[in-house]
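Novice: Please find one structure pasted underneath; my questions will follow.
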Amino acid sequence: MLGTMQDWPLLVTKIIDHAALNHPHRKVISRSVEGPIVETTYAAVHANAKRVTGRLLRDGIEVGDRVATLAWNTWRHLEVWYGISGAGAVCHTVNPRLFPEQIAWIINHAADRVMITDLTFLPLLEKLAPKLPTIERYVVLTDRAHMPETSLPNAIAYVDWIAYEDPATPWVSVDENTACGMCYTSGTTGNPKGVVYSHRSNVIHSLAAAQPDMLGLASRDTILPVVPMFHANGWSIAYTAPMVGATMVMPGPKMDGASIYELLTMCKVTVTAAVPTVWLMLLQYLESSGGKLPDLKRVVIGGSAAPRAMTKTFRDVYGSEVLHAWGMTEMSPLGTVCSMKPEVLMLDGEAWLDVKQATGHAPFTVEMKITGDDNVEKPRDGKTFGRLKVRGPAVAGTYFRGDGADAFDTEGWFDTGDVATIDANGYMRITDRSKDVIKSGGEWISSIDLENLAIGHPDVQEAAVIGIAHPKWDERPLLIVIAKPGRTPTRDSILNYMDGKIAKWWMPDDVAFVADIPHTATGKILKTELRQRFSSYRFPNLSD
Ligand code: AMP
518 MLGTMQDWPL LVTKIIDHAA LNHPHRKVIS RSVEGPIVET TYAAVHANAK RVTGRLLRDG
578 IEVGDRVATL AWNTWRHLEV WYGISGAGAV CHTVNPRLFP EQIAWIINHA ADRVMITDLT
638 FLPLLEKLAP KLPTIERYVV LTDRAHMPET SLPNAIAYVD WIAYEDPATP WVSVDENTAC
698 GMCYTSGTTG NPKGVVYSHR SNVIHSLAAA QPDMLGLASR DTILPVVPMF HANGWSIAYT
758 APMVGATMVM PGPKMDGASI YELLTMCKVT VTAAVPTVWL MLLQYLESSG GKLPDLKRVV
818 IGGSAAPRAM TKTFRDVYGS EVLHAWGMTE MSPLGTVCSM KPEVLMLDGE AWLDVKQATG
878 HAPFTVEMKI TGDDNVEKPR DGKTFGRLKV RGPAVAGTYF RGDGADAFDT EGWFDTGDVA
938 TIDANGYMRI TDRSKDVIKS GGEWISSIDL ENLAIGHPDV QEAAVIGIAH PKWDERPLLI
998 VIAKPGRTPT RDSILNYMDG KIAKWWMPDD VAFVADIPHT ATGKILKTEL RQRFSSYRFP
1058 NLSD
């Protein structure tokens, strides 16, 4: 017997319909690429999204076609994000921080038909265009007054492109399992892989992400997603915020400490989200300027491990709670958020920070387990490390064009490539990428834990740990450090600081001081390159 309820398809366009109807005057405030701060509303975003749908249909875009964006977080990007899905097409957000050859490779792999971009990226695209045969037209997210001369084929200013379209254009009717968005992984090895989100997976994911134990987002909130819409489905905030009717603040192209601080205070932002490097810049700016964050309640930190010292500074100095989050492009992206369950609610001080360092617990819709290499499940005791596997309705089941099939098993589990522990309360703690974990004497050492600890030293700006070959132990940790400007920490001062805070055998065998640490296009430490740079390094206490 079937249930007798209505068949109401879970479509992302229903999210912006809902926002326009129920929160029509809620603001979307953006720093525009042209410079000024621009205010609009969900009702106006909805109207322009419908114009985008109308124009795409007139341009011959069909259900399933890919339309690329190479753009910052602004209200216009939000309009096309919904307008593309409304036409039944797939909004492919491309990460401009990738190398130009990778950008071209991704666009060709996706076979994007239209490219919607910001003024910032015209020089880049003018160079790439001859290598992008599938792109028929370039739409520049600006008005006629700011539209420059360009050699791009069929280039048009966005405002002109949608000028004569009907704001009541009906969305194209599609099944909820139809693709609506697409994002490539920022893999550090091999070619990037395409993850294709459906309307259904994005709606379910946004419902889960909004929950009190996750982002805890409400119409009373003002959220500033510093995380770009092109990083891992924009952490789904472009869906979750309008779904609950929260005010959105979009940073445009400026993500430095001063610019983010200006928006946080001017717009009285209550929730914000970004990778740790953004918060390092903000905290440095606050330290030098003496700024305060009276309205900011929650800071979502993910993409890489949130250092303990950062969580502590936000709590003790600025009165904001860090929500440490873990996720993946393949998971839409939220996998866990570290909010406090009743079992740990009474903790404070260092014990509270101990919990906060975990990457958190999963919402309904995310199933997690850890296994050995033999695929046998490991205990949830908070101590045993294992390969982290996940499944759920907003977790990828395959990659685009069948790439990377070995990451998925026959029971639907996706191997995240992360190594983690899970405790009895369901708190998961990422200890490493499986490729980065340091194997010493048959045991595993977490490079992330060591980095976290080292960054708490007052003279350390950034830290990375890699395994270096060792004749007796197989591998031993090398700590690589950037000193804070004007400071000169020594090897011994850092190792003494770490002493007693970790097991003796986890202690790095040496410290190397460097001027820079390489990062991926999504802000993660590029360990492959560090390993290359240190490939001829030998520990000083070893005889050859
Ligand atoms: P991406 O698809 O770019 O979001 O990258 C996903 C990967 O980033 C995960 O598989 C983890 O290795 C890493 N990651 C994300 N969040 C965290 C976190 N809070 N702590 C440690 N690693 C993280």
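The sequence shown: position 86 = 603 (this note's numbering), numbered continuously. Glycine included, every Cβ here is placed at the ideal spot set by N, Cα and C.
Taking the alpha helix (DSSP H) that F831 falls in, what are its first and last residues?
Specialist: Position 314 of the sequence shown, counted from the first residue, corresponds to residue 831. Its alpha helix (DSSP H) spans residues R825 to D833.
Novice: Does A924 come out as helix, strand or coil in the three-state DSSP assignment?
Specialist: As a working note, residue 924 is residue 407 in the sequence shown. Helix.
Novice: Quick check: what's the CA-CA separation for V607 versus L996?
Specialist: For the purposes of this step, residue 607 is taken as residue 90 along the sequence shown, with counting starting at 1. For the purposes of this step, residue 996 is taken as residue 479 along the sequence shown, with counting starting at 1. So the two alpha carbons sit approximately 43 Å from each other.
Novice: What did DSSP end up calling S964 once you bin it into helix, strand or coil?
Specialist: In the sequence shown, residue 964 corresponds to position 447, counting from 1. In this structure, S964 counts as helix in the three-state DSSP scheme.
Novice: Could you tell me the alpha carbon to alpha carbon distance between R908 and M885, rounded to whole angstroms?
Specialist: Taking the sequence shown and counting its residues from 1, one reaches residue 908 at position 391. Taking the sequence shown and counting its residues from 1, one reaches residue 885 at position 368. Their backbone Cα atoms lie some 7 Å apart in a straight line.
Novice: For A980, does the count of other Cβ atoms within 10 angstroms reach 16, so buried, or fall short, so exposed?
Specialist: For this step, residue 980 is matched to residue 463 along the sequence shown. Buried.
Novice: Using DSSP bridges, identify the partner residues of V555.
Specialist: On the sequence shown, residue 555 is found 38 positions in, with the first residue counted as 1. DSSP, once it has assigned bridges, lists S547 as partnering V555.
Novice: Cβ of R950 within 7 Å of any heavy atom in the ligand AMP?
Specialist: Counting from one through the sequence shown, the residue named residue 950 turns up at place 433. R950 Cβ: within cutoff of the ligand AMP.
Novice: Measuring CB to CB, does V761 end up less than 8 Å from C784?
Specialist: Position 244 of the sequence shown, counting from 1, holds the residue named residue 761. Position 267 of the sequence shown, counting from 1, holds the residue named residue 784. No; because the gap between Cβ atoms is not below 8 Å, this pair is not in contact.
Novice: What is the DSSP secondary structure of D940, counted as helix, strand or coil?
Specialist: Translated into positions along the sequence shown, residue 940 becomes position 423. DSSP places D940 in coil when its eight states are reduced to three.
Novice: Assuming V817 and T828 form a contact by the criterion Cβ under 8 Å, report the distance between their Cβ atoms to the nearest whole angstrom.
Specialist: Your numbering for residue 817 matches position 300 in the sequence shown. Your numbering for residue 828 matches position 311 in the sequence shown. Between T828 and V817 the Cβ distance is about 12 Å, and since that is not below 8 Å, they are no contact.
Novice: I'd like the span of the beta strand (DSSP E) that includes A986, first residue to last.
Specialist: Along the sequence shown, read from residue 1 onward, the residue named residue 986 stands at position 469. From DSSP, the beta strand (DSSP E) with A986 extends over V977 to H987.
Novice: Can H1036 be considered in contact with the ligand AMP, in the sense that its beta carbon sits closer than 7 Å to one or more heavy atoms?
Specialist: On the sequence shown, residue 1036 is found 519 positions in, with the first residue counted as 1. No, the Cβ of H1036 stays beyond 7 Å of every heavy atom of the ligand AMP.
Novice: Could you have a look at D1061 and say whether DSSP puts it in helix, strand or coil?
Specialist: Taking the first residue of the sequence shown as 1, we reach residue 1061 at position 544. In this predicted model, D1061 has a pLDDT of only 48, less than 50, meaning its place in the structure is not dependable; the value taken from the coordinates is given anyway. D1061: coil per DSSP, three-state reduction.
Novice: Threshold first: 3 residues or longer. Then list the beta strand (DSSP E) segments lying entirely within the stretch 589–638, N to C.
Specialist: The stretch 589–638 contains these whole beta strand (DSSP E) runs: 607–610 and 631–634.
Novice: Measure the CB-CB distance between E894 and T888 and report whether it falls below 8 Å.
Specialist: Your numbering for residue 894 matches position 377 in the sequence shown. Your numbering for residue 888 matches position 371 in the sequence shown. Their beta carbons are under 8 Å apart, which means E894 touches T888 by this criterion.
Novice: With three or more C-beta pairs closer than 8 Å as the rule, is the stretch 596–611 touching the stretch 569–576?
Specialist: In short, these stretches touch, since the Cβ pair count reaches three.
Novice: Measuring CB atoms only, is the stretch 706–725 touching the stretch 524–531, in the sense that at least three cross pairs come out at less than 8 Å?
Specialist: Cβ pair count under 8 Å is three or more, so yes.
Novice: Should N539 be labelled buried (16 or more other beta-carbon atoms within 10 Å of its own) or exposed?
Specialist: Here the question's residue 539 lines up with position 22 in the sequence shown. So N539 ends up on the exposed side.
Novice: Could you check if V769 belongs to the surroundings of the ligand AMP, using beta carbon to heavy atom distance under 7 Å?
Specialist: Counting from 1 along the sequence shown, the entry for residue 769 is found at position 252. It should be pointed out that residue 769 corresponds to Gly in this sequence rather than to Val. Incorrect: G769 has no Cβ contact closer than 7 Å to the ligand AMP.
Novice: For the ligand AMP, is there a heavy atom less than 7 Å away from the beta-carbon of K1041?
Specialist: Here residue 1041 corresponds to residue number 524 of the sequence shown, with the count starting at 1. Yes, Cβ of K1041 sits closer than 7 Å to a heavy atom of the ligand AMP.
Novice: Under the DSSP definition of a beta bridge, which residues are partnered with M767?
Specialist: Numbered from 1 along the sequence shown, position 250 holds the residue referred to as residue 767. Looking at the DSSP assignment, M767 forms a beta bridge with S547.
Novice: When the Cβ atoms of the stretch 969–976 are set against those of the stretch 911–922, are three or more pairs found closer than 8 Å?
Specialist: Not touching, per the Cβ criterion.
Novice: Does the beta-carbon distance from S1093 to S849 come in below 8 Å?
Specialist: No statement about residue 1093 is possible, as the shown extent of the chain runs from 518 to 1061 and does not include it.
Novice: For A537, which residues of its own chain have a beta-carbon under 7 Å away from its beta-carbon, when the five flanking residues on both sides are left out?
Specialist: In the sequence shown, residue 537 corresponds to position 20, counting from 1. Cβ neighbours of A537 beyond the five flanking positions: Y559, A560 and H563.
Novice: Just to confirm the assignment, what range does the alpha helix (DSSP H) spanning V761 have?
Specialist: Within the sequence shown, numbered from 1, the residue matching residue 761 stands at position 244. Its alpha helix (DSSP H) spans residues I754 to V761.
Novice: My guess is that P742 and A790 are in contact by the Cβ rule of under 8 Å, so how many angstroms apart are they, rounded?
Specialist: Within the sequence shown, numbered from 1, the residue matching residue 742 stands at position 225. Within the sequence shown, numbered from 1, the residue matching residue 790 stands at position 273. Right, the Cβ-Cβ distance comes to about 5 Å (below 8 Å), so this counts as a contact.
Novice: Quick check on this structure: which residue in R897, R832 and D898 has the alpha carbon closest to the alpha carbon of L870?
Specialist: As a first step, residue 870 must be located in the sequence shown, where it is residue number 353. Nearest of R897, R832 and D898 to L870, Cα basis: R832.
Novice: Apart from the five residues just before and just after I546, which ones in its own chain have a Cβ nearer than 6 Å to its Cβ?
Specialist: Here residue 546 refers to the residue found at position 29 of the sequence shown. Excluding positions up to five away in sequence, the list reads E556, V766 and C784.
Novice: Measure how close the beta-carbons of I532 and T586 come, nearest whole angstrom, since I'm counting them as under 8 Å.
Specialist: Counting from one through the sequence shown, the residue named residue 532 turns up at place 15. Counting from one through the sequence shown, the residue named residue 586 turns up at place 69. Actually they do not touch by this definition, with Cβ atoms about 18 Å apart.
Novice: With DSSP collapsed to three states, give me the class of G820.
Specialist: By one-based count along the sequence shown, residue 820 stands at place 303. Coil.
Novice: My output table needs one value for W525: the three-state DSSP class, helix, strand or coil.
Specialist: By 1-based counting over the sequence shown, the position of residue 525 is 8. Looking at W525 - three-state DSSP - the assignment turns out to be coil, as it is neither helix nor strand.
Novice: If you measure between the beta carbons of S776 and K1041, is that distance less than 8 Å?
Specialist: Position 259 of the sequence shown, counted from the first residue, corresponds to residue 776. Position 524 of the sequence shown, counted from the first residue, corresponds to residue 1041. Not closer than 8 Å, so no.
Novice: In terms of DSSP beta bridges, what is G844 paired with?
Specialist: One-based indexing of the sequence shown puts residue 844 at position 327. The partner list for G844 (beta bridge, DSSP) reads L851.
Novice: Is K906 near D932, with beta carbons less than 8 Å apart?
Specialist: As a working note, residue 906 is residue 389 in the sequence shown. As a working note, residue 932 is residue 415 in the sequence shown. Yes, Cβ-Cβ distance for K906 and D932 is below 8 Å.
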